[in-house]
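Asks:
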Amino acid sequence: KTIYLKDYQTPAYEFEHVNLSFQLNEEHTTVSSSIDVRVQRKKETLFLHGDKSMQLDAVLVNGTQVADERLTRTNAGLFVSGLPEEDFTLKIVTTIKPQENTALEGLYKSSGNYCTQCEAEGFRRITFYQDRPDVMSKFTTRMEAAKDKYPVLLSNGNLIDSGDADGGRHFAVWEDPWRKPSYLFALVAGNLAKIEDSFTTMSGKKVDLRIYTEPHNIDKADHAMVSLIKSMKWDEDTFGLEYDLELFNIVAVDDFNMGAMENKSLNVFNSRLVFATPKTATDADYAAIEGVVGHEYFHNWTGNRVTCRDWFQLSLKEGLTVYRDQEFSSDMNSRGVKRIGDVSKLRAAQFPQDSGPMAHPIRPEEYIKMDNFYTVTVYEKGAEVVRMYESLLGKDGFRKGMDLYFERHDGCAVTTEDFFSAMADANNTDLSAFKPWYQQAGTPIVDVKTSYDASTKTFTLKATQTVPATPGQDASQKKAVLMPIRVGLLDKSTGKDIEIASVNGVAQEKGTTTAVLRFDQKEQTFTFENVEQDVVPSILRNFSAPIKMTTDLEEGDLLFLMANDSDPFNRWEAGQTLFRSLLVKLIADETNGKALEMNTKITDALRKTIEGAKAADADKAFIARAMMVPSESELVEMLEPGTVDPDVVKAARKFVMKSLAADLRPLLEETAKANSAPAYKNEPADRAMRSLKNTCLGYLSYVDAPEVAKDALERYQNADNMTDKIATLSALSDKVCAERETAFDAFYQEWQHDPLVMCKWLSLQAASGVPNNLGNVKALLTHPAFDIKNPNKVYSLIGGFMSNPTTFHQKDGQGYEFLADVILQLNDINQQVAARMAGGFTRWRKYDPSRQALMKKQLERIIATENLSENVYEIVKKSLD
Ligand code: ARG
Ligand code: ZN
Numbered sequence: 014k015t016i017y018l019k020d021y022q023t024p025a026y027e028f029e030h031v032n033l034s035f036q037l038n039e040e041h042t043t044v045s046s047s048i049d050v051r052v053q054r055k056k057e058t059l060f061l062h063g064d065k066s067m068q069l070d071a072v073l074v075n076g077t078q079v080a081d082e083r084l085t086r087t088n089a090g091l092f093v094s095g096l097p098e099e100d101f102t103l104k105i106v107t108t109i110k111p112q113e114n115t116a117l118e119g120l121y122k123s124s125g126n127y128c129t130q131c132e133a134e135g136f137r138r139i140t141f142y143q144d145r146p147d148v149m150s151k152f153t154t155r156m157e158a159a160k161d162k163y164p165v166l167l168s169n170g171n172l173i174d175s176g177d178a179d180g181g182r183h184f185a186v187w188e189d190p191w192r193k194p195s196y197l198f199a200l201v202a203g204n205l206a207k208i209e210d211s212f213t214t215m216s217g218k219k220v221d222l223r224i225y226t227e228p229h230n231i232d233k234a235d236h237a238m239v240s241l242i243k244s245m246k247w248d249e250d251t252f253g254l255e256y257d258l259e260l261f262n263i264v265a266v267d268d269f270n271m272g273a274m275e276n277k278s279l280n281v282f283n284s285r286l287v288f289a290t291p292k293t294a295t296d297a298d299y300a301a302i303e304g305v306v307g308h309e310y311f312h313n314w315t316g317n318r319v320t321c322r323d324w325f326q327l328s329l330k331e332g333l334t335v336y337r338d339q340e341f342s343s344d345m346n347s348r349g350v351k352r353i354g355d356v357s358k359l360r361a362a363q364f365p366q367d368s369g370p371m372a373h374p375i376r377p378e379e380y381i382k383m384d385n386f387y388t389v390t391v392y393e394k395g396a397e398v399v400r401m402y403e404s405l406l407g408k409d410g411f412r413k414g415m416d417l418y419f420e421r422h423d424g425c426a427v428t429t430e431d432f433f434s435a436m437a438d439a440n441n442t443d444l445s446a447f448k449p450w451y452q453q454a455g456t457p458i459v460d461v462k463t464s465y466d467a468s469t470k471t472f473t474l475k476a477t478q479t480v481p482a483t484p485g486q487d488a489s490q491k492k493a494v495l496m497p498i499r500v501g502l503l504d505k506s507t508g509k510d511i512e513i514a515s516v517n518g519v520a521q522e523k524g525t526t527t528a529v530l531r532f533d534q535k536e537q538t539f540t541f542e543n544v545e546q547d548v549v550p551s552i553l554r555n556f557s558a559p560i561k562m563t564t565d566l567e568e569g570d571l572l573f574l575m576a577n578d579s580d581p582f583n584r585w586e587a588g589q590t591l592f593r594s595l596l597v598k599l600i601a602d603e604t605n606g607k608a609l610e611m612n613t614k615i616t617d618a619l620r621k622t623i624e625g626a627k628a629a630d631a632d633k634a635f636i637a638r639a640m641m642v643p644s645e646s647e648l649v650e651m652l653e654p655g656t657v658d659p660d661v662v663k664a665a666r667k668f669v670m671k672s673l674a675a676d677l678r679p680l681l682e683e684t685a686k687a688n689s690a691p692a693y694k695n696e697p698a699d700r701a702m703r704s705l706k707n708t709c710l711g712y713l714s715y716v717d718a719p720e721v722a723k724d725a726l727e728r729y730q731n732a733d734n735m736t737d738k739i740a741t742l743s744a745l746s747d748k749v750c751a752e753r754e755t756a757f758d759a760f761y762q763e764w765q766h767d768p769l770v771m772c773k774w775l776s777l778q779a780a781s782g783v784p785n786n787l788g789n790v791k792a793l794l795t796h797p798a799f800d801i802k803n804p805n806k807v808y809s810l811i812g813g814f815m816s817n818p819t820t821f822h823q824k825d826g827q828g829y830e831f832l833a834d835v836i837l838q839l840n841d842i843n844q845q846v847a848a849r850m851a852g853g854f855t856r857w858r859k860y861d862p863s864r865q866a867l868m869k870k871q872l873e874r875i876i877a878t879e880n881l882s883e884n885v886y887e888i889v890k891k892s893l894d
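In case it helps, the UniProt record's numbering puts the sequence shown at residues 14 to 894.
1) May I ask whether a heavy atom of the ligand ZN can be found less than 7 Å away from the beta carbon of T334?
2) Give the secondary structure of A158 by DSSP, where H, G and I count as helix, E and B as strand, and everything else as coil.
3) Excluding five sequence neighbours on each side, which residues of the same chain lie with their C-beta closer than 6 Å to the C-beta of K122?
4) Considering just the uninterrupted stretch of the alpha helix (DSSP H) at M575, what are its terminal residues?
5) Could you please give me the residues that DSSP links to M771 through a beta bridge?
6) What first and last residue would you give for the beta strand (DSSP E) that runs through F212?
7) Decide if the stretch 121 to 135 is in contact with the stretch 188 to 205; the criterion is three or more beta carbon pairs, one per stretch, under 8 Å apart.
8) Got a sec? Which residues, its chain only, sit under 7 Å from T590 by beta carbon, not counting five neighbours each side?
9) Under the rule that 16 or more other beta-carbon atoms within 10 Å means buried, what is D298, buried or exposed?
10) Less than 6 Å between C-beta atoms, sequence neighbours within five positions excluded: which residues of the same chain meet that for T154?
11) Quick one: residues in its chain with C-beta nearer than 8 Å to the C-beta of A488, no 5 flanking neighbours on either side, listed in chain order?
12) Do S150 and I109 count as a contact pair if the criterion is CB distance below 8 Å?
13) When you compare each of E275, N270 and V835 to T317 by their alpha carbons, which one comes out closest?
14) Can we count F397 as close to the ligand ZN, meaning its CB is less than 7 Å from some heavy atom?
15) Under a Cβ-count criterion, where at least 16 other Cβ atoms within 10 Å of its own Cβ denotes burial, should A608 be classed as buried or exposed?
16) Pick out whichever of A779, V597, K621 and T334 has its Cα sitting closest to the Cα of M611.
17) Run through DSSP, which three-state label would C321 get?
18) Check the C-beta distance from S47 over to K104 and give it rounded, since I have them as a contact under 8 Å.
19) Shorter than 7 Å, the distance from the beta carbon of E720 to the closest heavy atom of the ligand COA, or not?
20) According to DSSP, simplified to helix, strand and coil, what is D70?
21) Could you tell me whether the stretch 419 to 433 touches the stretch 347 to 364, where touching means 3 or more Cβ pairs closer than 8 Å?
22) As a quick exercise: from E378, L117 and A159, pick the residue whose alpha carbon is nearest that of N38.
23) Determine the contact status of M383 and W314, defining contact as a CB-CB distance below 8 Å.
24) Can you name the start and end residues of the alpha helix (DSSP H) that K614 belongs to?
25) May I ask which residues mark the beginning and end of the beta strand (DSSP E) holding G176?
26) To test your reading of the DSSP string, which unbroken beta strand (DSSP E) runs of 3 or more residues are found completely within the stretch 47 to 110?
27) Per DSSP, what kind of secondary structure is N280 in: helix, strand or coil?
28) For A361, count neighbouring C-beta atoms within 10 Å of its own C-beta (all shown protein chains included) and say buried if the count is 16 or more, exposed if not.
29) Give a yes or no on whether the C-beta atoms belonging to Y163 and G203 are separated by under 8 Å.
30) Give a yes or no on whether the C-beta atoms belonging to F233 and T290 are separated by under 8 Å.
31) Does the beta-carbon of H312, which I'm using as the reference point, lie nearer than 7 Å to any heavy atom of the ligand ZN?
32) Cα-Cα, which of T226, K330, W247 and N270 is closest to V287?
33) With a 10 Å radius around its C-beta and 16 neighbouring C-beta atoms as the bar for buried, classify T442 as buried or exposed.
34) Throw me the rounded Cβ distance for the T473 and T564 pair, which I believe falls under 8 Å.
35) Throw me the rounded Cβ distance for the F411 and E403 pair, which I believe falls under 8 Å.
36) Since I believe E309 is in contact with N262 (beta carbons under 8 Å), could you give me their beta-carbon distance rounded to a whole number of angstroms?
Written out as structure tokens, the structure reads:
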């Protein structure tokens, strides 16, 4: 059943206060809910969402049992009719079985402990309720459980009572003073250890901070705690936002569908995003933990205090909160490197979604299953849209908009339109041309032509924009959209930015070296005045809009920018543009059976980049980034539909890596050596060195020489931290040699007891390019290290396999058949995870006709299956349409 935005209606009944009571037992859990209902509008019936897995024991209105004929139960919930016209109390009792809940939505068990996940629509698996974000109530939660097995009992807000109960049981009562929607409810009961710290807010209130884990993991939570404290401080410093309770809890659980969840004062995290020690987590893991701890904390204002009116507005909280966590990470680490990483992710994952069958605007208008819309579009493109306000309005203007947003909407459930209005009104500016970003799917395509006129001393930039057709929106109905284009002009003789005096007759502030152009027409010309001599333009600095841009810049200009641009993003981007055009050409040559040839100018430019690492003040993390060749998935996105042969893409990319490795070998070896620290330290400079060293080793793994594998194994054996272990393992993972087997076995022997580390072991093998790797992946499915009920394991093994071009896209279609088998198996265990895996097929139309046919066959097989979940159905149906 499809849900439409246009059908939205305000609730007729409001829930003022909810009193929940949980009896947690091994066989079943009883949930009583007592709700103070306020009648807003008289209506025939009250509809309560409720999953079919629940047993309904009783419904009482004002203390009296409701007669059966006034209750109608459907697959989706319960209609209650004959209700009083005045406010009333509604009591509902249900019985549920958390121990059998493998969907990991609602109340479930993970490692023997109880926990919840209610966003988006999990609360309806706990009790019957108006499970929609615009119904906000005050929650009081009482829970009772066996004291020995579940010594820790947690819910939202403050602990107001606790004590012993009969039969070796105990209870706790939690009260949350803040009104909230049901999706922010949480409950945890288990045998958990904790670490504690505290934070004093800017107004001097002390907040207790606690992180709970299973006892054997409690030594791995320190980095998360440090990250939490940094987040709290950052939100005060940056947005003036203070925490609003005396307690903040994080609980780490092993079985979790997503990354983490911002339940009010009781965040629940996938343990992958909490646990970190140098021995078990990579530098990338450390960074991800800092970012996600920040993300969930920031939701306390952007999501909880101000929440979404309905789920179509998801980007209101997610786009904004991703933007906030990106800014937080940028302030804590290297801003340029962070931006490069975020844009790479956007290109590798969101651009493909935006041009495929699941393309949707950041504010969708319809869905079958909301879970399917927790997407890179709503999150990452949504964050880009928020970032564009900042570029258009400036940092101060953006802050004014945020302040007005909270002033107007604190405590409310609102829409993206409300956010838009706050930004426009606070800055007294007309942003109406910006609105299509919320309504139009598809990545805008912008082309820029530049010219210099010496006689008038003007530099002209002529831009055109189009938005491609997407499902349900043809190209003719797409409007031009306002986007900021940041532009700098580099003096050709010095490579330095010139001062920009005026654009289209509008004087720029003194000292401006980057102008922000407001581009909002299909075609628009921007003239820079008083430009004394010809310049090289640096266009779309910091990736100021989420678009695909082409320009008339030539190879020489790009090499110049790569060497000189003051904007780190564009310095990186110039190199990427060169790599991309080379690779697209090589892919064509490989397809046509022509001999591949390296562009040695690129090799020389890269040599200079790497040599830059010798400078005392070198930004090594940036250099490592600049050395990265565009990913295969980014390249696939650039190719025409119906043409992609992943073997060809891989071959072309491999050719580039091999020639660079061969030509730069001594320099790569020298750089790897110079950046090999004698002992691990977790400081920014050490992390930067590691990433540079490991990037060099990654290149060197393309050198065909026996000593390369020997060296990698030796480095593996000497590595004293997980970052280096993984880098050396991955350098070996494509090779067929004894060293590879030795290293993978050693890793397994050392870490088989640690499920998170085993995820790394699984994903490296799933991503491997060794021949007949499909056989290995299939064998791992029954390996003790794998567990199909654990999402992290599925994402590692099956997710890793899906993005492995040679294994998944194996010509005989066996990879496709295998994925379909796994999806159907998962469909009966965990629908959200199954649907994510079905995402592996969505881009089937990109590939060559024979692969297309084979993938389509599997999609048709899946959709013809009985008892297919709505989650999987929606993805498969949209892929086939
Ligand atoms: N709000 C969470 C976050 O981004 C995501 C939870 C999504 N859960 C889901 N089942 N779709 O921080
Ligand atoms: Zn979020």
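All residues carry an ideal CB built from backbone N, CA and C; glycine is no exception.
Keep in mind that this is a model prediction, so the values were computed, not measured.
Replies: Inspection of the coordinates gives the following:
1) Yes; taking the cut-off as 7 Å, the Cβ of T334 has a heavy atom of the ligand ZN nearer than that.
2) It is a strand residue.
3) For K122, the CB contacts under 6 Å within the same chain, skipping 5 residues up- and downstream, are P111 and Q112 in chain order.
4) First-last of the alpha helix (DSSP H) with M575: E568 to N577.
5) Answer is none; M771 lacks a bridge partner.
6) F212 -> beta strand (DSSP E) spans A206 to T213.
7) Three or more pairs of CB atoms, one per stretch, sit closer than 8 Å, so the stretch 121 to 135 contacts the stretch 188 to 205.
8) Closer than 7 Å at the Cβ level, and outside the excluded window around T590, lie L571.
9) D298 comes out buried.
10) Here T154 has L33, S168 and W187 as same chain residues with Cβ atoms under 6 Å from its own Cβ, once five neighbours each way along the sequence are excluded.
11) The beta carbon of A488 lies closer than 8 Å to those of T479, V480, P481 and A482 in the same chain, with the five residues before and after it left out.
12) Not a contact, by the Cβ cut-off of 8 Å.
13) Checking the sequence shown, residue 317 turns out to be Asn, not Thr. Measuring from the Cα of N317, the nearest candidate turns out to be E275.
14) Per the sequence shown, the amino acid found at residue 397 is Glu instead of Phe. The answer is no for E397.
15) Exposed.
16) Of the listed residues, the one whose Cα sits closest to M611 is V597.
17) Strand.
18) Between S47 and K104 a beta carbon distance of about 5 Å is seen, short of the 8 Å cut, so the two are scored as contacting.
19) With respect to small molecules bound, the structure shown includes the ligand ARG and the ligand ZN and not the ligand COA.
20) Correct three-state label for D70: strand.
21) Two segments are said to touch when three or more pairs of C-beta atoms, one from each, lie closer than 8 Å; by this definition the stretch 419 to 433 does not touch the stretch 347 to 364.
22) Taking only the C-alpha atoms, the option nearest N38 is A159.
23) It is not a contact, given that the beta carbons lie outside the stated cut-off.
24) T613 to E624 is the span of the alpha helix (DSSP H), which, as asked, contains K614.
25) Residues N171 to A178.
26) The qualifying runs are 58 to 62, 68 to 74, 84 to 86, 90 to 94 and 101 to 109.
27) Under the three-state reduction of DSSP output, N280 falls in the strand class.
28) Burial is judged here by how many other beta carbons sit within 10 angstroms of a residue's own beta carbon; A361 has at least 16 and is buried.
29) In this structure, Y163 sits near G203, with a CB-CB distance shorter than 8 Å.
30) First, the residue type needs correcting, since residue 233 is Lys and not Phe in the sequence shown. It is a contact, given that the beta carbons lie within the stated cut-off.
31) Yes - the ligand ZN has a heavy atom lying nearer than 7 Å to the Cβ of H312.
32) For V287, the nearest C-alpha among the options comes from T226.
33) With fewer than 16 Cβ atoms within 10 Å of its Cβ, T442 is classed as exposed.
34) Here T473 is actually not in contact with T564; their C-beta atoms are around 13 Å apart, not less than 8 Å.
35) Yes, they are in contact, since the Cβ atoms of F411 and E403 sit about 4 Å apart, within 8 Å.
36) For a cut-off of 8 Å, the C-beta gap from N262 to E309 is around 11 Å, too long to register as a contact.
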